[in-house]
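Residue numbers (the working numbering): 1054 to 1579.
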């Protein structure tokens, strides 16, 4: 049987070989088709490589063809290509194709090939003096003479202030000191201290809106110093990067309302990753955190903090948080440990564990919209606790001296939006929380909280609280948590806790009960 099978395979192979024709081609004649006539490579920072973009080239004829050349239009082009996995001619003699020139590229009849394109451009070589951004263009040229065909390439190059750890002559790199461990050894992270007399940037304690800032590693604010960030500034972080306000320092974020409806973030201070392509605009976990360490004092107004691991980590420090948006964080939007936070018109959405999580401390939130639209079954909008588990499985108890939420929305895709995690074995540890005129997601049937008396104020809808009424957010998947007049939060707040303006700067009425949450109800755009 085995011999018969081998004989059959041999006959099939012989048949295929005897039927094979020599592969013959004809030159292309200018009739190639393309998936697009212009490839737009999205905005990149100067000297940082772009993502890779794809162009598909079609041979719709019945002939197998050879394309004599595929090349860049500029001899010194800053674009690079790969054609069907090949890197092109070796122009530098290093054995590696430069991605600029390809000769005699074969393409079968009714077939296609892929061209992958990327770029890295130094804005200083091409832009006029003091210009912060410009369009860099080139062409991919297929064939030549009367058969010449072109595909345009366009990239917006943006200048930036780059902040990163220094490299020393001995090969080591600057790092940021966090303290000492239990053995007395230093604990450091990849980072650097900002400098008010930096030879390249001048005063690094003042971020302006003239150019974006790109941060590699953690930028540290030293003791007694203040980092001030102007309205309209843009701060981009590389992977595992962020800001650390060291003990005794201050972070001052001075965003302002944006009055132009066409550009609602014009005066906002925006913190996000350093990938500018649209595909990364809402991807969580692109950078680390803004870490406010013990005894620091910070003020944040009109900021957007998005796509980190933890948006804000606030440890035993004071924070004023106003008119700000915190979105798309893989762990927690705002994580507070024995901190003091006073907040108005704050919006937090989409976090892998909780949008706002606090262990001990004192918190006051008025007109907050806290919704967790993360796609899982365990995420929370708000989690409050007066203890934490340590690495050795012991527990540390931290008094929650005050946690008050007023005229706020606490909602979740999950059945439970609010967790009150009180230490039952240490009743003497303070756990003081109150909710006044809030809309809270709380479907406790068949859950471990179904008989927990700590939630009676929600079950009985006391103190103006309402449960499970649909806030009817415009589009929580895209972080648009504004509401209209059909919302369950419409005119359900209290004038006792009124904040005069909403997060967009619209005046709240004093003649009717205000809407819960950070937004005044308005008709949704068409």
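Every residue gets a Cβ at the ideal spot worked out from N, C-alpha and C, and that includes glycine.
Next on the checklist: My output table needs one value for residue 1150: the three-state DSSP class, helix, strand or coil.
Outcome noted: coil
Checklist entry - Is it right to say residue 1436 is buried, meaning 16 or more other beta carbons lie within 10 angstroms of its own, or is it exposed? => result buried
Item to check | Cutoff 7 Å; reference residue 1523; Cβ partners in own chain excluding five residues on either side | outcome: 1541
Checklist entry - From which residue to which residue does the alpha helix (DSSP H) around residue 1509 run? => result 1509-1512
Checklist entry - Under the rule that 16 or more other beta-carbon atoms within 10 Å means buried, what is residue 1272, buried or exposed? => result buried
Checklist entry - How about residue 1136 and residue 1158: do their beta carbons lie closer than 8 Å? => result yes
Checklist entry - From residue 1283 to residue 1462, what does the alpha carbon distance come to, in whole angstroms? => result 30 Å
Item to check | Given 8 Å, three or more beta-carbon pairs between the stretch 1421-1440 and the stretch 1394-1406 | outcome: yes
Item to check | Local conformation of residue 1506 per DSSP, three classes | outcome: helix
Next on the checklist: Assuming the contact rule is C-beta atoms closer than 8 Å, residue 1168 and residue 1093 should be a hit. Round their C-beta distance to whole Å, please.
Outcome noted: About 15 Å; that fails the 8 Å criterion.
Checklist entry - CB-CB under 6 Å to residue 1103, same chain, minus the five flanking residues each way: which ones, in chain order? => result 1094, 1097, 1171 and 1172
Checklist entry - Using DSSP with H/G/I as helix, E/B as strand and the rest coil, what is residue 1527? => result coil
Checklist entry - Taking Cβ positions, are residue 1412 and residue 1357 nearer each other than 8 Å? => result no
Next on the checklist: Assess contact between the stretch 1109-1128 and the stretch 1190-1197, defined as three or more Cβ pairs (one per stretch) separated by less than 8 Å. Is contact present?
Outcome noted: yes
Item to check | Spatially closest choice to residue 1392 from 1344, 1223 and 1134, by CA coordinates | outcome: 1344
Next on the checklist: The beta strand (DSSP E) that contains residue 1352, what's its start and end?
Outcome noted: 1350-1354
Item to check | Top-ranked residue by Cα proximity to residue 1077, from 1145, 1131, 1156 and 1161 | outcome: 1161
Checklist entry - Grouping DSSP H, G and I as helix and E and B as strand, with all else coil, what is residue 1373? => result strand
Checklist entry - Using 8 Å as the threshold, is the stretch 1290-1302 in touch with the stretch 1335-1351, meaning 3 or more CB pairs across them? => result yes
Checklist entry - Identify the residues that DSSP records as bridge partners of residue 1077: which are they? => result Partner(s): none; residue 1077 has no beta bridge.
Checklist entry - Under a three-way DSSP split, which group does residue 1358 fall into? => result strand
Item to check | Assigned exposure category for residue 1074 - 16 Cβ within 10 Å defines buried | outcome: Any reading at residue 1074 must be qualified, since the residue scores a pLDDT of 46, below 50, and its modelled position is unreliable; no value is offered.
Checklist entry - Do you know how far the Cα of residue 1304 is from the Cα of residue 1593? => result Nothing in the structure corresponds to residue 1593, since the chain is present only between 1054 and 1579.
Checklist entry - Which residues bound the beta strand (DSSP E) around residue 1569? => result No beta strand (DSSP E) holds residue 1569; DSSP gives it neither H nor E.
Checklist entry - Residues in its own chain within less than 7 Å of residue 1560 by CB, not counting five upstream and five downstream? => result 1553 and 1554
Item to check | Contact set for residue 1230: own chain, Cβ-Cβ below 7 Å, skip 5 residues either direction | outcome: 1239 and 1241
Checklist entry - Over what stretch of residues does the beta strand (DSSP E) that includes residue 1303 continue unbroken? => result 1303-1307
Next on the checklist: Taking its Cβ as the centre, do 16 or more other Cβ atoms sit within 10 Å of residue 1112, making it buried, or is it exposed?
Outcome noted: buried
Next on the checklist: By alpha-carbon positions, which one of 1377, 1519, 1105 and 1315 ends up nearest to residue 1332?
Outcome noted: 1105
Item to check | Sequence-distant residues of its chain with Cβ nearer than 6 Å to residue 1264 (five each side left out) | outcome: 1185, 1212, 1213 and 1214
Next on the checklist: Just verifying my parser: in three-state terms, what is the DSSP assignment at residue 1414?
Outcome noted: strand
Next on the checklist: Buried or exposed for residue 1219, going by 16 or more other Cβ atoms inside 10 Å?
Outcome noted: exposed
Item to check | Paired residues, beta bridge with residue 1446 - DSSP | outcome: Answer is none; residue 1446 lacks a bridge partner.
Next on the checklist: Would residue 1388 and residue 1366 be called neighbours here (beta carbons separated by less than 8 Å)?
Outcome noted: yes
Item to check | Whole-number beta carbon distance between residue 1483 and residue 1452, since they are thought to touch under 8 Å | outcome: 4 Å
Next on the checklist: Does residue 1392 come out as helix, strand or coil in the three-state DSSP assignment?
Outcome noted: strand
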